[in-house]
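Asker:
In mature numbering (1 follows the signal peptide of the UniProt record, and there is no 0), the protein residues as written are -28 to -1, 1 to 410.
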């Protein structure tokens, strides 16, 4: 499989914030040119204190290498970030460089709020040589490159080895079906009394992967650029019926269990109370750090991975540039620096996820923990099974994601039949498409 793309596809970064922190004497709301003639750009992000400190170090490195550019920055927690970003977008005051989430890329890209960086890539300002194809494609809309991901992950299944052994459960991890998986989930419950499976909060992710194993998608865009439902009723009912049946026996938890988990340390899987956890592989190290004493887990391919192209490389998040930036070249230079600079890679480590730039991964690999190496190696091991990424989520995707969460919850509570779940989800998706694209 051709893993890397050596052509011009543009990308960018995304972020916004509550707490404002400016570099130098200038406000982060101002951009253009400083009093001493430097180009000035703003950069906004969300994240932990660790990320804040790492970014500040990275900005200092960038300014040392680019003395004609000054970077003002602002950051906030996730809860306030998108509210602030929406307010700034409405006022035409988006930061020049933005840390972007995949669920919001379509929202901002389709509304012409982001800069197409294709020219920046073709002119050599942004280098995509060492980035996997699907990372580049995941940031593009209708052939325009609106975002680039600095780090990546992929779908995986994590297994509680000791619980599976106790229950007498085994799987052929290189070749197993969804039926094999659900059967193993039930056997864990029957053999141990614990949950066979604990779900993630973003339930649409589970549905999306299932549909991809069927050669379908959660949604896709038609020739007019409008989103459409891309899964069959047959596939949806198969998935919904399996969840309802497993919930009825107690083999999967109710949605309430997952929604009440506030940290990895509280996750039933980390506490030894579930056999399987289907989630992005970059969480393997974090979950390992939170494991209760005596619990051992392992990282595996999800069902159907070797005989479909359901797997794909997914950016942990993106960097984008605002369409209103006064210094597009400087913004592109910062994006390139954050994604490709070796010193930045050393500073950031795996806080953003496993580096998408494979050369930078080689640079920091020896410094990774054993569990981080397992997560990094997984991305190489799945290379032959990786397919094209799912399309960028459509405008209004938050409503659709919530609808997927609602139907999953009702199925686990036994308050909605699979047929009702299908009708509800389709109704919500079609209503969202009509509202945002008609």
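Built from N, CA and C at the ideal position, the CB exists for glycine as well.
Work out the CA separation of residue 288 and residue 257 for me, nearest whole Å.
Answerer: Rounded to the nearest whole angstrom, the C-alpha separation of residue 257 and residue 288 is 15 Å.
Asker: Measure the C-alpha to C-alpha separation of residue 23 and residue 29 and round it to an integer number of angstroms.
Answerer: 10 Å
Asker: Kindly indicate which residue of 55, 74, 127 has the alpha-carbon position closest to the one of residue 108.
Answerer: 74
Asker: Just to confirm the assignment, what range does the alpha helix (DSSP H) spanning residue 125 have?
Answerer: Taken as a continuous stretch (DSSP letters only), residue 125 belongs to no alpha helix (DSSP H), being part of the beta strand (DSSP E) at 123 to 125.
Asker: Counting Cβ pairs, one atom from each stretch, are 3 or more of them under 8 Å apart for the stretch 148 to 159 and the stretch 332 to 350?
Answerer: no
Asker: Looking only at its own chain, which residues have a Cβ that is under 6 Å from the Cβ of residue 396, when we skip the five neighbours before and after it?
Answerer: 379
Asker: Tell me the start and end of each unbroken alpha helix (DSSP H) in the stretch 289 to 337 that is at least 4 residues and wholly inside, in chain order.
Answerer: The stretch 289 to 337 contains, as complete alpha helix (DSSP H) runs of 4+ residues, the segments 300 to 312, 314 to 320, 330 to 336 (chain order).
Asker: Could you say if the stretch 358 to 366 and the stretch 75 to 83 meet the contact criterion of at least three C-beta pairs nearer than 8 Å?
Answerer: By the criterion of at least three beta-carbon pairs nearer than 8 Å, the stretch 358 to 366 is in contact with the stretch 75 to 83.
Asker: If I follow the unbroken beta strand (DSSP E) through residue 247, where does it start and stop?
Answerer: Its beta strand (DSSP E) spans residues 246 to 252.
Asker: Looking at residue 135 and residue 244, is the spacing between their C-beta atoms short of 9 Å?
Answerer: yes
Asker: Starting from the C-beta of residue 411, find all residues in its chain whose C-beta is less than 6 Å away, skip the five residues before and the five after it, and write them out in chain order.
Answerer: Nothing can be reported for residue 411: it is not among the residues displayed for the chain, which extend from -28 to 410.
Asker: Please name the residue, chosen from 132, 275, 72, 369, that lies closest to residue 144 on a Cα-to-Cα basis.
Answerer: 275
Asker: Helix, strand or coil, according to DSSP, for residue 4 in the structure here?
Answerer: When secondary structure is reduced to three states using DSSP, residue 4 falls in the strand class.
Asker: Just list the residues that DSSP pairs residue 239 with in beta bridges.
Answerer: Answer is none; residue 239 lacks a bridge partner.
Asker: Report yes if the C-beta distance between residue 98 and residue 120 is below 9 Å; otherwise report no.
Answerer: yes
Asker: Can you tell me the Cβ-Cβ gap for residue 318 and residue 336, rounded? I've got them flagged as a contact below 8 Å.
Answerer: Indeed they touch by this definition, with Cβ atoms about 6 Å apart.
Asker: Under 8 Å by Cβ, that's how I've got residue 44 and residue 14 pegged, so tell me the actual separation to the nearest angstrom.
Answerer: Going by Cβ atoms, the distance from residue 44 to residue 14 rounds to 5 Å, so yes, they are a contact pair.
Asker: Starting from residue 59, trace the alpha helix (DSSP H) both ways and give me its first and last residue.
Answerer: 50 to 62
Asker: Is there contact here, the stretch 182 to 191 with the stretch 260 to 269, by at least three beta-carbon pairs under 8 Å?
Answerer: no
Asker: Per DSSP, which residues does residue 23 bridge with? Please list them.
Answerer: Paired residue(s): none; residue 23 is not in a bridge.
Asker: Whose CA, out of 234, 59, 196, 330, lies closest to the CA of residue 125?
Answerer: Nearest C-alpha to residue 125: 330.
Asker: In angstroms with no decimal places, state the Cα-to-Cα distance between residue 236 and residue 242.
Answerer: Per the coordinates, the alpha-carbon of residue 236 lies some 7 Å from the alpha-carbon of residue 242.
Asker: Who does residue 145 pair with in a DSSP beta bridge?
Answerer: The partner list for residue 145 (beta bridge, DSSP) is empty, contrary to what the question assumes.
Asker: Give me the Cα-Cα distance between residue 72 and residue 253, rounded to the nearest whole angstrom.
Answerer: 20 Å
Asker: Touching or not, the stretch 171 to 179 and the stretch 223 to 239, by the rule of three or more beta carbon pairs under 8 Å?
Answerer: yes
Asker: Applying the criterion that 16 or more other CB atoms from any shown protein chain within 10 Å of the CB defines a buried residue, is residue 128 buried or exposed?
Answerer: The residue is buried, with at least 16 neighbouring Cβ atoms inside 10 Å.
Asker: With a CB to CB cut of under 8 Å and the five nearest residues on each side skipped, what residues in its chain are close to residue 207?
Answerer: The answer, listed in chain order, is 182, 183, 186, 188.
Asker: Does the distance from the CB of residue 164 to the CB of residue 131 come in under 9 Å?
Answerer: no
Asker: Please state the DSSP three-state secondary structure of residue 284.
Answerer: coil
Asker: Counting along the chain, where does the beta strand (DSSP E) carrying residue 168 start and finish?
Answerer: 167 to 170
Asker: Could you check how far apart the C-beta atoms of residue 224 and residue 157 are, in whole angstroms? I think they sit under 8 Å.
Answerer: Rounded, the Cβ-Cβ distance is 7 Å, consistent with contact.
Asker: Among 325, 332, 327, 176, which one has its Cα closest to the Cα of residue 398?
Answerer: Nearest of 325, 332, 327, 176 to residue 398, Cα basis: 176.
Asker: On a Cα-Cα basis, can you pick out the residue from 326, 221, 361 that is closest to residue 386?
Answerer: 221
Asker: Can you tell me the Cα-Cα spacing of residue 53 and residue 66, whole angstroms?
Answerer: 12 Å
Asker: Given a threshold of 16 other Cβ atoms within 10 Å of its Cβ, counted over all protein chains shown, does residue 384 qualify as buried or as exposed?
Answerer: buried
Asker: What do you get for residue 361, buried or exposed, if any count of 16 or more other CB atoms within 10 angstroms of its CB means buried?
Answerer: buried
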